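J.:
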Amino acid sequence: MEEKYLKNMRELLEQMEQKLAERRIIRYMVGTEIVEISSEQFFRQVRTMSRQLERRGLRRKHIGIIGRNSYEWLICFCAVFWTEAVAVLLDWESDADTISELTKRVDLDAILYDEASEEHVQKARLLESVQIISMSDVGKTQTHCKAKEKRSITKEITFGTELGPDDLSCIFFTSGTTSKSKAVMMSGRGMIASVCTRLNSQKFEALLAVMPFHHMAGFITILNTLYLGAEVCIAGDLKYFYRYLKEMKPDYIFVVPSMLKMLARKLKKAGPNGKFLGWNLHIISCGGAAFYPEFLQMLRDQNITVLQAYGASEAGAIGFLWEMTPDRPNTIGKPTAGLEAKIVNGELYLRSESVMVGYYKDAKETEKVLCDGWYATGDLCRTDEKGYFYLVGRRKNLIILSNGENVSPEEIETKLCNYEEIKEIMVGVEQNLITAAIYPDYQEGISEESKWKVRERIEKKIAEYNGNSPVSKQIRKVIFFEEPFAKTAVGKMIRHSVTGGEG
1 MEEKYLKNMR ELLEQMEQKL AERRIIRYMV GTEIVEISSE QFFRQVRTMS RQLERRGLRR
61 KHIGIIGRNS YEWLICFCAV FWTEAVAVLL DWESDADTIS ELTKRVDLDA ILYDEASEEH
121 VQKARLLESV QIISMSDVGK TQTHCKAKEK RSITKEITFG TELGPDDLSC IFFTSGTTSK
181 SKAVMMSGRG MIASVCTRLN SQKFEALLAV MPFHHMAGFI TILNTLYLGA EVCIAGDLKY
241 FYRYLKEMKP DYIFVVPSML KMLARKLKKA GPNGKFLGWN LHIISCGGAA FYPEFLQMLR
301 DQNITVLQAY GASEAGAIGF LWEMTPDRPN TIGKPTAGLE AKIVNGELYL RSESVMVGYY
361 KDAKETEKVL CDGWYATGDL CRTDEKGYFY LVGRRKNLII LSNGENVSPE EIETKLCNYE
421 EIKEIMVGVE QNLITAAIYP DYQEGISEES KWKVRERIEK KIAEYNGNSP VSKQIRKVIF
481 FEEPFAKTAV GKMIRHSVTG GEG
């Protein structure tokens with residue numbers, strides 16, 4: 001069955017099961033042991049869980065999934081689609097109040113949770129009708145159901161009308177870096193289009209899945225990897241990140257820039273593909289924020305291909321994928337097949353089958369960003385004479401000074417974040433002055449005197465930057481922070497006032 005004729009995610013999974021027959025498709029670590037999962041094992045467990053969900057009357061219902069990156073999470077995720085229900089993805093680090101608020105917003109009927117999220121789920125103020133189901137043991141968990149509803153849970157389901165490509169398939173939440181997160185709705189058509197795109201222009205054998213599974217970039221790269229016939233290696237806990245690279249030896253990884261910076265430092269003297277560390281890394285995709293181009297040549301020297309990925313959750317995760325080269329280190333490249341892109345008043349607009357249906361029960365916000373199938377990304381962009389796209393910044397982050405000058409904070413941040421003693425930087429405005437909030441890269445156990453020396457060197461670097469920048473983009477005030485900035489689940493800084501540190 002060709003992808004264009006697939007009606008829903010269940011049909012796509014059935015097709016994948018046929019293509020992946022008798023292959024090893026997933027690996028993960030329990031302690032020091034590597035667990036290997038075949039296609040037959042995986043899909044058998046998916047069908048088993050799907051039957052459990054059907055018996056609970058959850059076909060076509062909204063089923064939440066909350067938990068850390070794990071094999072069980074993937075089983076639940078695919079089982080929801082197999083049940084022809086709507087998968088509602090929640091951040092496992094959400095507190096009880098957030099879970100209460102989000103589940104009510106999306107009319108949740110049930111929630112599948114793991115051990116890491118159990119305490120907050122149990123404390124959440126859920127509606128009585130919401131079934132609470134443990135990922136570890138679907139058949140033995142309690143539910144928040146009235147007695148009458150409990151009696152109907154085990155009733156067998158009679159399948160009716162087939163789920164169509166335009167029916168709702170998945171709901172997940174935006175990162176919310178500057179405002180309240182929004183509930184993104186994806187149709188079956190949109191999900192299938194996102195999965196069935198070659199997100200990696202290079203051949204690879206195994207992806208190390210480190211992005212949060214509840215995030216669009218996380219689950220789409222996993223499904224795309226399986227669709228392409230490669231393996232998924234699950235990074236269950238990032239504190240064991242380097243162990244995963246050494247023991248499971250993936251050749252491909254998708255990361256955000258903060259992780260790339262960490263990897264680049266490690267790879268600098270690690271030999272080709274990190275072989276001196278016992279790694280087998282050949283491809284790194286980087287997305288989620290501005291890339292650090294000065295790492296490019298070093299990684300290429302280590303025989304590693306770097307792909308710059310750009311996309312938006314509302315537009316199906318990845319829309320641009322560019323193999324970075326020294327002659328164009330700052331471009332996001334050109335649109336992938338099936339994606340249209342245009343620039344309107346400096347803002348990037350995208351259109352494809354992967355674009356969301358809209359925000360759940362939020363027509364007002366939907367109308368702000370969707371028009372005739374075009375999604376307004378909010379990203380400021382430009383193109384060159386050969387059609388390559390370049391990000392300039394975020395429209396909502398623009399600093400508008402009293403003299404009318406518009407300044408992109410991302411442009412300034414990109415120029416300074418590569419300085420080795422600046423670990424994190426966030427540029428904003430305070431009293432009409434461009435202000436840089438900086439979290440220095442202090443060495444562990446550093447003395448207060450040494451901290452002052454680090455700050456002095458950073459201030460000299462900023463003075464150097466100011467000397468080479470127009471007046472409108474010069475930093476007039478620096479505030480140092482002792483703690484890292486708050487971040488979203490995918491590592492994006494949550495922008496807020498730059499005050500609160502030490503001037």
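Letter by letter, the sequence shown follows residues 1 to 503 in UniProt numbering. Where is the CB? At the ideal position from N, CA and C, for every residue including glycine. Predicted model only: the values in this text are computed from it and were never measured.
1) Look up A337 in the DSSP assignment and say whether it is helix, strand or coil.
2) What are the boundary residues of the alpha helix (DSSP H) that H62 is part of?
3) Please state whether DSSP places I37 in a helix, a strand or coil.
4) Quick check on DSSP: helix, strand or coil for R455?
5) What are the complete beta strand (DSSP E) segments, minimum 3 residues, inside the segment 334-410?
6) Excluding sequence positions up to five away, which residues of its chain have a Cβ less than 6 Å from the Cβ of L348?
7) In the structure shown, what three-state DSSP assignment does P272 receive?
8) Comparing C-alpha positions only, which one of F481, C286, K487, M356 sits nearest to C170?
9) Compute the Euclidean distance between the alpha carbons of W279 and N345, then round it to the nearest angstrom.
10) Tell me the DSSP bridge mates of R27?
11) Run through DSSP, which three-state label would K140 get?
12) Please say whether I65 and A217 have beta carbons closer to each other than 8 Å?
13) Between the C-alpha atoms of G164 and A312, what's the straight-line distance to the nearest angstrom?
14) Are the segment 225-244 and the segment 332-342 touching by the rule of at least three beta carbon pairs closer than 8 Å?
15) Return the bridge partner residues of Y439 from the DSSP annotation.
16) Could you pull the start and end residues of the alpha helix (DSSP H) that F77 belongs to?
17) How should A262 be labelled, buried or exposed, when 16 other C-beta atoms within 10 angstroms of its C-beta is the threshold for buried?
18) Name the residue from N406, V454, K487 whose alpha carbon lies nearest to the alpha carbon of V471.
19) Indicate the three-state DSSP secondary structure (helix, strand or coil) for T325 in the structure shown.
20) For the alpha helix (DSSP H) that contains L108, what are its first and last residues?
21) Report the option in V30, V184, A486, E430 whose CA atom is closest to the CA atom of I400.
22) Give me, in chain order, the residues of the same chain whose beta-carbon lies closer than 8 Å to that of K123; leave out the 5 immediate sequence neighbours on both sides.
23) Does the segment 65-84 come close enough to the segment 266-284 that 3 or more CB-CB pairs lie under 8 Å?
24) Mind checking C78: buried by the 16 CB within 10 Å criterion, or exposed?
25) Considering F480, what are the terminal residues of the beta strand (DSSP E) in which it resides?
26) Sorted by chain position, which residues of the same chain lie with C-beta nearer than 6 Å to G373's C-beta, five sequence neighbours on each side aside?
27) Would you identify the three-state DSSP class for K261, choosing helix, strand or coil?
28) Give a single yes or no on whether V392 has its beta carbon closer than 7 Å to a heavy atom of the ligand NAD.
29) For T158, which three-state DSSP category applies?
30) Is the separation between the beta-carbon of N330 and that of Q302 shorter than 8 Å?
31) Answer with buried or exposed for F295, where buried requires no fewer than 16 other C-beta atoms within 10 angstroms of its C-beta.
32) Does M248 come out as helix, strand or coil in the three-state DSSP assignment?
33) Hey, S354 and S175: beta-carbon distance below 8 Å or not?
34) Would you decide whether R125 is buried or exposed? Buried here means 16 or more other CB atoms lie within 10 Å of its CB.
T.: On the basis of the supplied data:
1) coil
2) From DSSP, H62 is part of no alpha helix (DSSP H) but of the beta strand (DSSP E) over 62-66.
3) strand
4) helix
5) 340-344, 347-351, 374-383, 389-394
6) T377, D379, C381
7) helix
8) M356
9) 45 Å
10) E36, C233
11) Low confidence applies here, because K140 scores a pLDDT of 42, under 50, leaving its location unreliable and the question unanswered by this model.
12) no
13) 24 Å
14) no
15) E424
16) 71-82
17) Reading the sequence as shown, one finds Met at residue 262 and not Ala. Exposed.
18) N406
19) coil
20) Element bounds for L108: n/a, residue is neither H nor E.
21) E430
22) A96
23) no
24) buried
25) 477-480
26) R351
27) helix
28) Among the ligands in the structure shown, none appear at all, so the ligand NAD cannot be discussed.
29) Bear in mind that a pLDDT of 40 at T158, under 50, signals an unreliable position, so the model cannot answer this.
30) no
31) buried
32) coil
33) no
34) exposed
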